[in-house]
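Numbering of the sequence shown is given in the UniProt record's numbering, commencing with residue 1 and proceeding in unit increments.
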Amino acid sequence: MNDLMDTMKVPTNTNIEKVEIRFKDILDKVVQTLEGELILAEASVTFDFNSAALVKYPKHIWKVFFKTC
Numbered sequence: 001m002n003d004l005m006d007t008m009k010v011p012t013n014t015n016i017e018k019v020e021i022r023f024k025d026i027l028d029k030v031v032q033t034l035e036g037e038l039i040l041a042e043a044s045v046t047f048d049f050n051s052a053a054l055v056k057y058p059k060h061i062w063k064v065f066f067k068t069c
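Listed below in structure tokens is the structure:
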């Protein structure tokens, strides 16, 4: 919950370094951490980031975003 709250504060903090992020890399890491739960739920994750593979943004925000959605 604290990560989510920190994410919501980011737009007011302009001093955060932005890095080039590959959506697939971030999502792959999140899916790996949820692998056991996905197996138990017999669920799968599909995605297509071909039209927007890269973005410049604070990296920690995307990790929190994918985990909370």
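Every residue, glycine too, gets a C-beta built ideally from N, C-alpha and C.
Counted as a single uninterrupted DSSP element, the beta strand (DSSP E) harbouring isoleucine 21 occupies residues 19–22. Per the coordinates, the alpha-carbon of leucine 27 lies some 15 Å from the alpha-carbon of alanine 43. In the three-state reduction of the DSSP assignment, leucine 54 falls in the strand class. Taking glutamine 32 as reference, the option from Arg22, Val45, Glu20 with the minimal CA-CA separation is Val45. Non-local C-beta neighbours of alanine 52 in its own chain, meaning closer than 8 Å and more than five positions away in sequence, comprise Phe23, ordered along the chain.
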